[in-house]
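Add 33 to a position in the sequence shown, counting from 1, and you land on the number used in my numbering. Read the structure below first, then the notes.
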Amino acid sequence: MIKMMKRVIFLSAFFLNVIVLMAQTDPVIMTINGNPVLRSEFEYSYNKNNSDGVIDKKSIDEYVDLFINYKLKVIAALDAKLDTLTSFKQEYAMYRDQQVRPTLVTDADVLKEARDNYNRAKEQIGSKGLIYPAHIFFLLSSNATQEEQDRVRHRADSVYQLLRAGADYADLAKRFSDDKKTGANGGLLSTWIAPNQAFKEFEDAAYALQIGEISQPVLTPRGYHIILMKDRKQLEPFDSLKNTIIQRIEQQGLRERIADQKIQEMVKQSGGTMSKEDIMVRRTDSLAAVDSEAKYLIQEYYDGLLLYEISNREVWDKGAKDEAGLAAYFKEHKKDYAWSEPRYKGIAYHVKDKADVKAVKNCVKKLPFDQWAEALRSTFNPDSVIRIRVEKGIFKQGDHPLIDKEVFKRDTTTTPVEGYPIDAVYGKLLKKGPENYTDVRGQVTADYQDMLEKAWIYDLRRRYPFTVNKEVLKTVNKHQ
34 MIKMMKRVIF LSAFFLNVIV LMAQTDPVIM TINGNPVLRS EFEYSYNKNN
84 SDGVIDKKSI DEYVDLFINY KLKVIAALDA KLDTLTSFKQ EYAMYRDQQV
134 RPTLVTDADV LKEARDNYNR AKEQIGSKGL IYPAHIFFLL SSNATQEEQD
184 RVRHRADSVY QLLRAGADYA DLAKRFSDDK KTGANGGLLS TWIAPNQAFK
234 EFEDAAYALQ IGEISQPVLT PRGYHIILMK DRKQLEPFDS LKNTIIQRIE
284 QQGLRERIAD QKIQEMVKQS GGTMSKEDIM VRRTDSLAAV DSEAKYLIQE
334 YYDGLLLYEI SNREVWDKGA KDEAGLAAYF KEHKKDYAWS EPRYKGIAYH
384 VKDKADVKAV KNCVKKLPFD QWAEALRSTF NPDSVIRIRV EKGIFKQGDH
434 PLIDKEVFKR DTTTTPVEGY PIDAVYGKLL KKGPENYTDV RGQVTADYQD
484 MLEKAWIYDL RRRYPFTVNK EVLKTVNKHQ
């Protein structure tokens, strides 16, 4: 009993020391809504977002507020249960698996796959070995007439007789082979051939040759071949081919297949108590426990997906679609969008028939500006026949030569649009600034979203408590 108590006391002291050591090596730098943030996580985020290639670098003190805002938004997303969305789960799992699956495959696994590939190849090759032939090829189409067959066979026989008389094989291959790729290389094939890799007729004739021997014309389903045996060999030992086989495994993406096999084995070994998803979750946790870089990279993607969804709901999509809010914001800040020079709000257009000059104006004059394009398309260009050409927008001097000439009265040369010789403009000159927010929608939307963002952050900072350990903050990137 006393020994047992001593053991419990010893273990308790041991684990307490481990916890103290961990706290010393990676202390809590801030607490957000009761959740501790370790210094290592803050350092990972700060260093990644303030590397040498970043234009707008922040000091550590400046980055603290950005980091807190980021974390507050993620907490808001979790409170909104956005992590339970099927779309979120699927996208996160896809990214997580891209990071984690490769860690399932060890060098030993790849080496075993390489050896298995070698053994399969060795069994296929057997005692026949590998051959390195050349050929002079005479193409024969599958539907060739008897006359065509006779003519191709005669060509092949004639070249064969030249070879028997001492002609140079490589020279004849370049001159007469219908396989232009190998012919340019003296008839040499691009690789060694193993059994069952070529037509049976070609293979039987080739394997019957010794090095330097030439076959009579051999008929295959593709045509006639005159084969020269350049070299023969047995498969090299595994160790001499190992690196080449491993390189091929990497190029062919066979690591993915190895990972699939290992996951299936793990599921099977669990007796059905664990799914593939369970395996990946467990593996992710194991990886995070020993690799902080991988841990924070995966967490960064998890948080980033939540951040995107919650920001879209609270700021981006909300601000872009809030027509009433955009209009009210523009009205309140209209002076901020004043122009230093007039703009022409309208169209420059080109027509074939003079009557269409007036028809275009009548088509749009009573419509809101944002409906002009569709009205003109449906009225004048409803199908493949293009009746008019139109450029619509809000133009300042220098934007469009026709508008410069007709509206701003500048001495500008315009280039006629081929097939549409009559030019015209229609619209209004805005001297004091935009009429409404749609004239500067992009600017107003960005500013309105910025206002929503600031109001949202203000609310988050009031809703969720947070504290920063200033002493630990001073040690960022300054500890061993």
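Cβ atoms here follow ideal geometry from the backbone N, Cα and C, with glycine treated the same way.
Taking the CA atoms as reference points, N66 sits about 15 angstroms from D98. Taking 8 angstroms as the cut-off, the Cβ atoms of V397 and A408 count as close. Nearest neighbour of A488 by Cα position, chosen from K106, F271, L252 and N229, turns out to be K106.
By the C-beta criterion, the stretch 263 to 282 is judged not to be in contact with the stretch 190 to 205, since fewer than 3 inter-stretch pairs fall below 8 angstroms.
Pairing V138 with A292, the inter-Cα distance amounts to about 6 angstroms.
Fewer than three Cβ pairs drawn from the stretch 338 to 351 and the stretch 412 to 429 lie within less than 8 angstroms of each other, which leaves the two stretches out of contact.
In the three-state scheme derived from DSSP, where H, G and I count as helix and E and B as strand, E74 is classed as helix. Under DSSP, the beta-bridge partners assigned to P166 are M262.
Setting aside the 5 residues that flank it on each side, Y240 is surrounded in the same chain by K161 and I164, each with a C-beta closer than 7 angstroms to its C-beta; the list follows chain order. In the DSSP assignment, Y382 falls within the beta strand (DSSP E) that extends over R376 to V384. Remark: C-beta atoms of Y481 and Y362 approach each other more closely than 8 angstroms. In the three-state DSSP reduction, P69 falls in the strand class (E or B). Residue nearest to L144 within the set Q302, D432, F271 and L506 is F271 (criterion: CA-CA distance). For A457, the three-state secondary structure derived from DSSP is strand.
For R188, same chain residues with a beta-carbon under 6 angstroms away, outside a window of 5 residues either side, are F171 in chain order. Taking C-alpha positions only, Y96 is separated from Q123 by approximately 31 angstroms.
Straight-line spacing of the CA atoms in K351 and D94 works out to 31 angstroms. Going by beta carbons, Y103 and Y334 fall outside the 8 angstroms limit. A straight-line Cα-Cα distance of about 11 angstroms links G460 and K399. The beta carbon of I244 is closer than 8 angstroms to those of M262, K263, D264 and R265 in its chain, skipping five residues each way along the sequence. Annotation: K213 to K207 spans about 7 angstroms, alpha carbon to alpha carbon. Apart from sequence neighbours up to five positions away, the residues of its chain that approach Y151 with a beta-carbon distance below 7 angstroms are F271, L274 and I278, ordered along the chain. Using a Cβ distance threshold of 8 angstroms, L506 and I62 count as a contacting pair. Restricting attention to D483, I169, R197 and Q230, the CA atom closest to the CA of A154 is found in Q230. Contact between the stretch 173 to 183 and the stretch 313 to 330 is absent, with fewer than three C-beta pairs closer than 8 angstroms. The criterion of a C-beta distance shorter than 8 angstroms is satisfied by V133 and T317.
Given a length threshold of 3 residues, each whole run of the beta strand (DSSP E) inside the stretch 175 to 254 is given here in chain order: 251 to 253.
Within a 10 Å sphere around the beta-carbon of I88 sit fewer than 16 other beta-carbons, which makes this residue exposed.
Pairing I158 with L339 gives a Cβ-Cβ distance that is not under 8 angstroms.
Non-local C-beta neighbours of T64 in its own chain, meaning closer than 6 angstroms and more than five positions away in sequence, comprise T500, ordered along the chain.
Under the DSSP assignment, R422 falls in the beta strand (DSSP E) whose first and last residues are I421 to F428.
For F441, the secondary structure class from DSSP, reduced to helix, strand or coil, is coil. Residues P434, D437 and K438 of the same chain have their beta carbon placed closer than 6 angstroms to that of T445, with the five preceding and five following residues left out of the count. Per the Cβ contact rule, the stretch 468 to 478 is in contact with the stretch 356 to 370 (3 or more Cβ pairs under 8 angstroms). Spanning the alpha carbons of R288 and T119 requires a straight line of approximately 28 angstroms. In the three-state scheme derived from DSSP, where H, G and I count as helix and E and B as strand, Y257 is classed as strand.
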